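First to last, the protein sequences are chains A and B. Going left to right, the first sequence walks through residues 2 to 246 as this note's numbering numbers them. Going left to right, the second sequence walks through residues 2 to 246 as this note's numbering numbers them. The beta-carbon is built from N, C-alpha and C at its ideal position, and this holds for glycine as well. Given the structure is predicted, the values throughout are model-derived calculations rather than measurements.
Number of protein chains: 2
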Amino acid sequence: MNRASSLHAPTFSPLYRQIKQLIMGNLESGEWGPGDAIPSESELAGRFGVSQGTVRKAIDEMAAENLLVRQQGKGTFVATHKDPGSAFRFLRLVPNDGVPQVSQSIPLECWRAKAGPDVARTLALEPGAPITILRRLLKLGDEPVVFDEIYLSSELFPDLSLEVVRAGDSLYGLFESRYGVCMVRADERLRAVAADRVSAELLQVAEGSPLLVVERVTFTYGRKPVEWRRGFYSTRNHHYRNELG
Amino acid sequence: MNRASSLHAPTFSPLYRQIKQLIMGNLESGEWGPGDAIPSESELAGRFGVSQGTVRKAIDEMAAENLLVRQQGKGTFVATHKDPGSAFRFLRLVPNDGVPQVSQSIPLECWRAKAGPDVARTLALEPGAPITILRRLLKLGDEPVVFDEIYLSSELFPDLSLEVVRAGDSLYGLFESRYGVCMVRADERLRAVAADRVSAELLQVAEGSPLLVVERVTFTYGRKPVEWRRGFYSTRNHHYRNELG
DNA sequence: TAGTGGTCTAGACCACGTC
DNA sequence: ACGTGGTCTAGACCACTAA
């Protein structure tokens, strides 16, 4: 039994948390990719030399963080944005009347640039590092409701282009399968602003009418920031839903 | 060991979940009030005739839902809105520059009315049931940033008045200590709107400038809705912070 | 020192999915 | 029939708090 690193060190962490870090390592290195089944609990217990209950507690935490998905009788799988259900985890906009609608992503522009100080800071890049900027419109039903401007490191997403985006499924599904970058967590900041001319035209609202602005920093494993985006949400027929617990 | 109600019934629930419901019952009945210590795990295990691990799993879930708070070496306590830390769980508005500010609640008006069909529906009351409406302004630092209109059942909050609100600490702290109603969960809907005259004046912004509207239904134990409120948030120097996981 | 929650183990059995 | 995760038990020991 490995009780190493416990002794009165200030950096003590219980065994199950060390196991968790080992599993995290396999996710970060891409050894176990999104959608894959990870080894069974007893297999991992044997491999790490701990009891099954300890592995279980490690996996429990990761399942609670949406990193893994357990399925009784089948196994434990690396979370993916491709299965339905996980698809809308990051889009909190829902129609006021509750009727679910088909979503359609319309890429508008995609170009390269150099990171300004602000983008560099939020994405943890060198100022001047190459970035890719993507603009797209999101329709729910027939109505345009979100205008997004998305900033990405060109190094992480090398050949991103309008064609690539058009071909793929959901954006995060594409990032996952094409670039091996799995979006896991995000921080959002919401404000109300008056629509500028571009947004107003795209969202088919009057210039100056109130819009919801959502700034999002998205993280992959290990809290590494990999996406920054600003979205203009039209809240005429939709609202941003949030649960406080 | 009580494995009752398991047999192939469609309403099967594991033992630890039945224990959880028993503990929930003690919270709903007010037998264990906010801030109180609940009996120790071994005590409960003996009382319910199950192993300590099973009680532990029940408490684990309730701690994850912020119903209980564990403190190593001391015991497990019913969550309360009075201890700092829990105080800002339901206010997601933070200053743009990150500097924390003193908050000050200023009650404006408080009157009685009869529930309209909409309020009755969201609060699960009979249409026409007596309700109490409270308006208040929230200042962060010296700046007015939130104008709230709050709807409550007069039956649950009998003698609520401007004086009572002025005297108390935080609103949810008051509800807890004076009326024994503990706010546990909330659903929020966010929209961007143009400021009307009243809101604009109170929040010291121009009429028609964009405001964030936050509609909230707040629940006590057992998902019982007990509060409905609409808040107008000024997002000039603040933003609504949200984490997606 | 005594009591609490926190961790870890080992083993039994159940529920589910697949072959 | 077999392997997976899900539940439950019993007991040991650790870490923290308070008297």
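Mapping DSSP to helix, strand and coil, what is residue i?
| i | result |
| --- | --- |
| B:S52 | coil |
| B:T81 | coil |
| B:A65 | helix |
| A:T236 | coil |
| B:G76 | strand |
| A:S7 | Here A:S7 scores only 37 on pLDDT, less than 50, and its place in the model should not be relied on; the value that follows carries that caveat. In this structure, A:S7 counts as coil in the three-state DSSP scheme. |
| A:Q22 | helix |
| A:F176 | helix |
| B:V218 | strand |
| A:E29 | helix |
| A:P118 | helix |
| A:L153 | strand |
| A:A168 | helix |
| A:M2 | Reliability of the predicted coordinates at A:M2 is poor, the pLDDT of 37 falling under 50, and the value obtained from them is presented with this limitation in mind. Coil, per DSSP. |
| B:A125 | coil |
| A:P15 | coil |
| A:A59 | helix |
| A:E244 | strand |
| B:S264 | Outside the modelled stretch of chain B, which goes from 2 to 246, sits residue 264 of chain B, for which no answer is possible. |
| B:A196 | coil |
| A:A130 | coil |
| B:R90 | coil |
| A:A201 | helix |
| B:L45 | helix |
| A:L161 | coil |
Can you check whether the C-beta of residue i is within less than 8 Å of a C-beta belonging to chain A?
| i | result |
| --- | --- |
| B:S82 | The amino acid at residue 82 of chain B is misidentified as Ser; the sequence shows His. No, its Cβ sits nowhere closer than 8 Å to a Cβ of chain A. |
| B:G246 | yes |
| B:V70 | no |
How would you call residue i, buried or exposed, if buried means at least 16 neighbouring beta carbons within 10 angstroms?
| i | result |
| --- | --- |
| B:W112 | exposed |
| A:D143 | exposed |
| A:A196 | buried |
| B:P128 | exposed |
| A:V147 | buried |
| B:D98 | exposed |
| B:D1 | With chain B covering 2 to 246 only, the question about residue 1 of chain B has no answer from this structure. |
| A:R137 | buried |
| B:F89 | exposed |
| B:R93 | buried |
| B:V227 | buried |
| A:V51 | buried |
Using beta carbons (cut-off 8 Å, strictly below), is residue i in contact with chain B?
| i | result |
| --- | --- |
| A:D188 | yes |
| A:N243 | yes |
| A:T221 | no |
| A:R198 | no |
| A:E42 | no |
If you pair each beta-carbon of the region 15-23 of chain A with each one of the region 54-61 of chain A, do three or more pairs fall below 8 Å?
yes
How about the region 176-184 of chain A and the region 114-123 of chain A: do they share at least three Cβ pairs that are nearer than 8 Å?
no
Measuring CB atoms only, is the region 64-81 of chain A touching the region 99-108 of chain A, in the sense that at least three cross pairs come out at less than 8 Å?
Put simply, the region 64-81 of chain A does not touch the region 99-108 of chain A. Fewer than three CB pairs are less than 8 Å apart.
Between the region 231-239 of chain B and the region 200-213 of chain B, do three or more beta carbon pairs fall short of 8 Å?
yes
Using a Cβ cut-off of 7 Å, which residues of the region 166-196 of chain A contact any Cβ in chain B, in chain order?
R186, A187, D188, E189, R190, L191, R192, A193, V194, A195
Going along the region 73-107 of chain B in order, which residues come within less than 8 Å of chain A, judged by CB to CB distance?
R90, F91, R93
Decide yes or no for the touch test of the region 188-197 of chain B against the region 150-157 of chain B: beta carbon pairs closer than 8 Å, at least 3 of them.
no
Just by C-beta distance, which residues in the region 201-235 of chain B are closer than 7 Å to chain A?
P211, L212, L213
Between the region 51-67 of chain A and chain B, which residues of the former have a C-beta closer than 8 Å to a C-beta of the latter?
A65, E66, N67
Kindly confirm or deny that the region 71-87 of chain B and the region 170-179 of chain B touch, where touching means at least three C-beta pairs closer than 8 Å.
yes
Would you call the region 217-227 of chain B in contact with the region 161-168 of chain B, where contact means no fewer than 3 C-beta pairs closer than 8 Å?
A contact between stretches requires three or more CB pairs, one per stretch, nearer than 8 Å, and the region 217-227 of chain B fails this requirement with the region 161-168 of chain B.
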